[in-house]
Amino acid sequence: TSAFQAQDLVPPDVSFDVTRRFLADNNDNKINLGQGTYRDENGQPWVLPSVKMAKASLDEFNHEYLPILGFQPFRDEAADSSCQSLSGTGALLLVTLALKKLQSAPDTIYITDPTWVNHHLMFSTIGYKVKVLPCYKDGTFDFDAYTACLRQAKAGSPVVLHTCAHNPTGCDPTKEQWKLIGSIMKENRLFPIFDSAYLGFNSGSFDEDAWPIRYFMEELSVELAVCLSMAKSMGLYGERIGLVSFATLTRESSQIAESVLQSVQRSTITAPPAYGARVATAILSTPSIRKQWQKDLITMSSRIRLMRKCAYEELVRLQTPGDWSCIIHQTGMFAFLGISKTQIKHLEKKHHVFMLETSRLSVAGLNEHNVRRFAEALDETVR
Ligand code: PMP
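First residue of the sequence shown? That's 8 in UniProt numbering, and the numbers climb one at a time after it.
Here is the structure:
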């Protein structure tokens, strides 16, 4: 008998499955608002001009292993103890495995509800008890419910914070709210993990979007972890390039943290991939390419913002029942419509408009050619 015989089939990942259904659809007018990947004004994947410049600048290189902690010039771009990771997913994995290895090994981790589909799966797979903090109500960040639950969180536990462009709601705390969240976390000795997969997508500036991290480090002086992904911010999705960094209170703690990261990296993937690290480093360390990258982030974030405006204006023009202003108030890559699963199925079956069943849509999938059609489909669906 097979070792797998008694096992149930594990359902496919909801996000990747939307892409699969989209690709299988033969309709010429189909619209993919599922997976969170940037698309240009023609709905095509976009290789950033800065990435093209970076690739052209690379010298001939060999294909030796990188060190366990990754490409040193790439790591030098981050502060404190750091380790190159398999994109943002790998960064979260390394951080949560590292925390589990410490003497204080937390058993519980806190995530938002709703959140990125992979948070719960990953942390429960590692053996954490996963608890949720409600964060969304009526198209906005639910500060009261969030902080009420945060105050009850178990001391010493890690809390995953979406640094910007909350996935899936697009609703972030204001700076004032971040300050209060920070003070509760410091008081209750909670360990912040800044999940930073969309830096640059809110404001167009990588540094401005990282404001909550700087605030926690510089004003609150707490220890924390930063999980960086270059997937969206540099459009390097498939290169799996990211970084995890611990900000610690002492030099000694920093050395210990780095040694733990090295150990969990070795035990999971040995060494990270080299090519994306070379491209990302060329972007960050060459002033002319870095300048182009800053323009590229503005190109992506402003096109998405324009599409929010266009979609909203179309819905107003159509007098679609309901208040759709959340589309323009939410930020980052996603809009969270709060429509029902039945309506989402209808959008897919009748109109060939694909989005996640949570009612998250990737605004980057909209463009001037399809935004009117999208609005008309939504209008017909909710009437
Ligand atoms: N965190 C969040 C909140 C995300 O939305 C994503 C990407 N969808 C990631 C982490 C990690 O993505 P990647 O591994 O592609 O960098």
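A virtual CB, placed ideally from N, CA and C, is assigned to each residue, including glycine.
This structure is a prediction, so every number in the text was calculated from the model and none was measured.
- [ ] Report whether the distance from the Cβ of THR96 to the nearest heavy atom of the ligand PMP is below 6 Å.
- [x] yes
Open item on the list: Is it the case that the segment 236-244 contacts the segment 201-221, given that we only count it when at least three CB pairs across the two stretches are under 8 Å?
Closed with: yes
- [ ] Can you tell me which of VAL286, LEU291, ILE296 and GLN337 puts its alpha carbon nearest to the alpha carbon of ILE311?
- [x] GLN337
Open item on the list: Rounded to the nearest angstrom, what separates HIS353 and ILE220 at their Cα positions?
Closed with: 41 Å
- [ ] Can you give me the Cβ contacts of VAL378 inside the same chain, cut-off strictly under 8 Å, excluding the 5 residues immediately before and after it?
- [x] Answer for VAL378: MET314, CYS317, ALA318 and GLU321, listed in chain order.
TODO: Could you pull the start and end residues of the alpha helix (DSSP H) that LYS357 belongs to?
DONE: LYS357 -> alpha helix (DSSP H) spans 348-358.
Open item on the list: If distances are taken between C-alpha atoms only, which option among ILE351, THR365, LEU363 and ASN374 comes closest to ASP386?
Closed with: Ranked by Cα distance from ASP386, the first of ILE351, THR365, LEU363 and ASN374 is ILE351.
TODO: Could you give the DSSP three-state label for ILE75: helix, strand or coil?
DONE: coil
Task: Near the ligand PMP: ASN69 beta-carbon under 6 Å from a heavy atom - done: no
Open item on the list: Given this structure, state the Cα-to-Cα distance separating ARG46 from THR306, to the nearest angstrom.
Closed with: 11 Å
Task: Collapsed DSSP secondary structure at GLN269 in the structure displayed - done: helix
- [ ] Measuring alpha carbon to alpha carbon, tell me which of SER22, ILE276 and MET129 ends up nearest THR44.
- [x] SER22
Task: Option nearest HIS359 by Cα separation, candidates GLN14, GLN12, SER9 and VAL25 - done: VAL25
TODO: Helix, strand or coil for ASP202, going by three-state DSSP, please let me know.
DONE: strand
Open item on the list: I'd like to know whether the C-beta atoms of LEU157 and LEU140 end up nearer to each other than 7 Å.
Closed with: yes
TODO: Quick one: give me the first and last residue of the beta strand (DSSP E) that THR115 is part of.
DONE: 115-120
TODO: Given a cut-off of 7 Å, decide if ALA278 and ILE75 are closer than it, judged by their beta-carbon atoms.
DONE: yes
Open item on the list: On the CB-based measure, 16 or more other CB atoms within 10 Å of its CB, does ASP216 come out buried or exposed?
Closed with: Burial check for ASP216: the Cβ neighbour count within 10 Å reaches 16 or more, so the residue is buried.
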